[in-house]
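Below is one structure, written out as structure tokens; comments come after it.
Numbering (the UniProt record's numbering), first residue to last: 1 to 76.
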């Protein structure tokens, strides 16, 4: 596809935004994209760490209750 018709399918607002970008804006966007990707990836990791921590905490509480019940069986 030729460069002239490459962006014909884009909405008018997007075309206007892209034509208004300066070379500094393009450099800033290119430098910022890896940072944004890293933040998104770290968010996913953090979510699963939080879920695992809550699961472990719940498991410890349930285990403690079970041990307390078993110990109560053997007390007179």
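Every residue gets a Cβ at the ideal spot worked out from N, C-alpha and C, and that includes glycine.
- Separation of residue 20 and residue 38 (C-alpha to C-alpha, rounded to the nearest whole angstrom) is 27 Å.
- As the crow flies, the alpha-carbon of residue 61 is around 41 Å from that of residue 34.
- Per DSSP, the unbroken alpha helix (DSSP H) holding residue 38 starts and ends at 23-74.
- Straight-line measurement puts the Cα of residue 36 at about 12 Å from the Cα of residue 28.
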